[in-house]
Amino acid sequence: DQFPLLTTKRVFWKGVLEELLWFIKGSTNAKELSAKGVKIWDANGSREFLDKQGFSTREEGDLGPVYGFQWRHFGAEYKDMHTDYSNQGVDQLQKVIETIKTNPDDRRIIMCAWNPKGIEQQTSSECSCTLPSCMLNYVLSLCQQSVPFDVLAYSL
């Protein structure tokens with residue numbers, strides 16, 4: 005009955021949904037989103053931006069191993085946005101889903117998009133890099149209970 009929207013401002017719902025589906029697919033091709041009217045990654049995949057970042061041989065729209073790649077192929081060697089990465093790297097999303105189904109109390113239900121090894125190949129570093137999950141009374145919580153404690157501790 006409720007939706008966890010943490011703002012009173014208008015939200016680009018279509019963009020949120022399409023970007024999430026794009027992440028789930030494991031895509032790194034900004035042109036796929038752009039073709040659906042979601043232009044939020046266009047600047048990072050533009051020829052000018054790629055050249056400026058030192059990716060002059062990379063095809064326009066190729067963002068490198070960003071979110072979706074890390075979610076679905078963590079640890080795989082990134083080549084380009086057209087390569088088939090099936091069965092390469094760790095499929096973190098699948099592991100999270102399987103663990104929620106088989107061991108919902110597991111504290112290791114985490115998906116991480118931050119990969120220091122691949123950061124030099126990305127056109128943009130991740131804004132939100134971890135997704136901790138926790139099941140309480142059979143309800144999925146995407147924020148661990150220790151967040152307030154950790155925020156205080158890490159700010160010292």
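Residue 5 is where the sequence shown starts when you use this note's numbering, and the numbers rise one by one after that.
Beta carbons are placed, not taken as given, at the ideal position from N, Cα and C, and that holds for glycine.
With respect to the C-alpha of Glu64, the residue from Phe78, Asn48, Arg76 and Gly72 having the closest C-alpha is Asn48.
About 5 Å separates the beta carbon of Val42 from that of Gly19, a gap short enough to meet the 8 Å contact definition. Across the structure, Asn107 and Ser90 are spaced so that their CA atoms are roughly 25 Å apart.
The DSSP-derived three-state label of Val70 is coil.
In the structure shown, Asn33 adopts extended strand secondary structure according to DSSP, grouped into three states. Pairing Thr32 with Thr11, the inter-Cα distance amounts to about 28 Å.
By alpha-carbon distance to Asp66, the top candidate from Arg76, Ala80 and Ser50 is Ser50. Secondary structure note for Ile101: its alpha helix (DSSP H) is the uninterrupted segment Gln96 to Thr106.
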